[in-house]
Amino acid sequence: MPESVTATAHPNIALVKYWGKRPGPGNIPATPSLSVTLDALTTTTTIRVAAVDRVVLDGVTVADAKIDGFLRGLREQFDIPPLEIDTGSDFPAGCGLASSASGFAALITAIDAALDLGLSAQERSDWARRGSGSAARSIVGGFGALHERDGQWLAEELLPPGAWPLRVVIGITSRTRKSVGSTEGMERSRLTSPFYGSWVRETPADFATARAAVAARDFGALARIAEASCLKMHALMLSSEPGLLYWNGATVEALHRIREIRNGGTAVFFTVDAGPQVKAVCTPDHATAVSAALADVPGVEEVLVSALGPGAVCGTGAGA
Ligand code: DP6
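With my numbering, letter number 42 in the sequence shown gets 43, and the count goes up by one each step, no holes.
Printed below as a string of structure tokens:
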């Protein structure tokens, strides 16, 4: 392999949420999900052959059980030497901005290229999903779907980035790492939330509604289903035992503010993941107004604006 291989990927934000897995191996989601890939945030991962496996996150060697498990799974199928994995993102990790999504998408893309595994995008999405469910969707750009076809869970690009050029405005309300990660949180919801069964039964219909809204580029329909899916997921989280409360006061204020400006005629809707950040999806002409409205909410520390971006790509590093 070349001396080093670099890949980049962008996080994605789900509009129909994935929260819950089928019991058993393979990290199989219990429900389909639909997302947008964010151009403005990037994870860059460089790999090189090393004496032993080593994961370097933002320049610091770390122990990462998810990456270890991921490499173990890959080595059951491919001959993979010990690797140094040097990874970093230009946004805060572990606070609801989907760093594991872009992380595993970039990692499998770099490994595939470096070791000439010859994986298709579908196969890379399958491997990325084993690392982290949402990572499958960062293999594709624009609007992505993760759903089951012929018994296989694979990502599909529903629309490329330029086809419906929405903006995502992110209000950062805290940089603290979340206390309960998604994997543990969704298992808690599966085992304890009284609403889990109806969530699993109803989400395929929400997914179909959102998919049709994307195909028709129907902003109002997408807004309704995305807010509904987000709030249903948080109802699951809140009704788990112990309850999972990922929001802070600024999160709630920001949601009210987004609905207020929508009532005033701004084309915008919200979504929130397993963390306190608020993501507002809007048409490009409203991005400045939405940014100003979020920046004005007490407790919002920073506002980022992103267009929709491409899927994970490989670029070779120095010495290649
Ligand atoms: C709230 O993909 O991080 O962002 O598969 O256990 O790694 P694991 O979970 P992860 O969960 C994402 C949860 C979410 C919703 C979503 O992205 O669909």
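We put the beta carbon where it would ideally sit given N, CA and C, even for glycine.
State yes or no: is the C-beta of residue i nearer than 6 Å to some heavy atom of the ligand ADP?
i: D69; result: Here the bound small molecules are the ligand DP6; the ligand ADP is not part of this structure.
Just checking my contact of residue i with residue j at CB under 8 Å: how many whole Å lie between their CB atoms?
i: P166; j: L309; result: 7 Å
i: L35; j: F144; result: 7 Å
i: S103; j: A10; result: 4 Å
i: T252; j: I14; result: Actually they are not in contact, since the Cβ atoms of T252 and I14 sit about 15 Å apart, beyond 8 Å.
i: P162; j: P311; result: 6 Å
i: L39; j: Q278; result: Contact flag wrong, Cβ pair sits at about 12 Å.
Are the CB atoms of residue j and residue i within a distance shorter than 7 Å?
i: V169; j: S307; result: yes
i: A296; j: V304; result: yes
i: L323; j: S126; result: Lying before the first or after the last residue shown, residue 323 is absent from the chain, which here runs from 2 to 321.
i: R258; j: V201; result: no
i: C231; j: A8; result: no
i: S241; j: S175; result: no
i: L42; j: P12; result: yes
i: N28; j: R130; result: yes
i: A288; j: I262; result: no
i: A329; j: T47; result: The structure shown does not extend to residue 329, since the chain is modelled only from 2 through 321, so no value can be given for it.
i: I109; j: A122; result: no
i: V56; j: I68; result: yes
i: A51; j: E85; result: yes
i: A164; j: E157; result: no
i: L237; j: F270; result: no
i: M2; j: A111; result: no
i: A213; j: L16; result: no
Can you tell which of the options has the C-alpha that lies nearest to the C-alpha of residue i?
i: G152; options: S175, H235, D91 and P30; result: P30
i: V63; options: G89, A41 and F79; result: G89
i: S290; options: D87, T204, A268 and R191; result: Here residue 290 is Ala; the residue named in the question, Ser, does not match the sequence. For A290, the nearest C-alpha among the options comes from A268.
i: Q78; options: P311, G134, W128 and G300; result: W128
i: D80; options: A209, G60 and L118; result: L118
i: P243; options: R191, A217, D219 and F220; result: R191
i: T204; options: G172, H148 and I171; result: H148
i: D274; options: V53, I173, D91 and P24; result: I173
i: G60; options: I112, D207 and D87; result: D87
i: A222; options: V53, P311, P24 and F208; result: F208
i: K233; options: S199, T210 and R212; result: S199
i: P26; options: D286, G300, G132 and G142; result: G132
i: D91; options: R49, T44 and G266; result: T44
i: G300; options: L120, E254, S292 and D286; result: E254
i: L239; options: D219, G134 and G276; result: G276
i: S292; options: N264, D219, I171 and R178; result: I171
Taking only beta-carbon atoms, is residue i less than 7 Å away from chain D?
i: H235; result: As a matter of chain content, chain D is missing from the structure shown, which is built from one protein chain.
Cβ pair count under 8 Å reaching 3, the region 279–297 against the region 66–77: no
The region 22–39 contacting the region 245–252, beta-carbon criterion three pairs below 8 Å: no
Three-pair Cβ contact test at 8 Å for the region 219–232 versus the region 172–188: No: fewer than three Cβ pairs fall under 8 Å.
The region 12–23 touching the region 187–194, judged by at least three CB pairs closer than 8 Å: Using a C-beta cut-off of 8 Å, the region 12–23 makes contact with the region 187–194, since at least three inter-stretch Cβ pairs fall below that distance.
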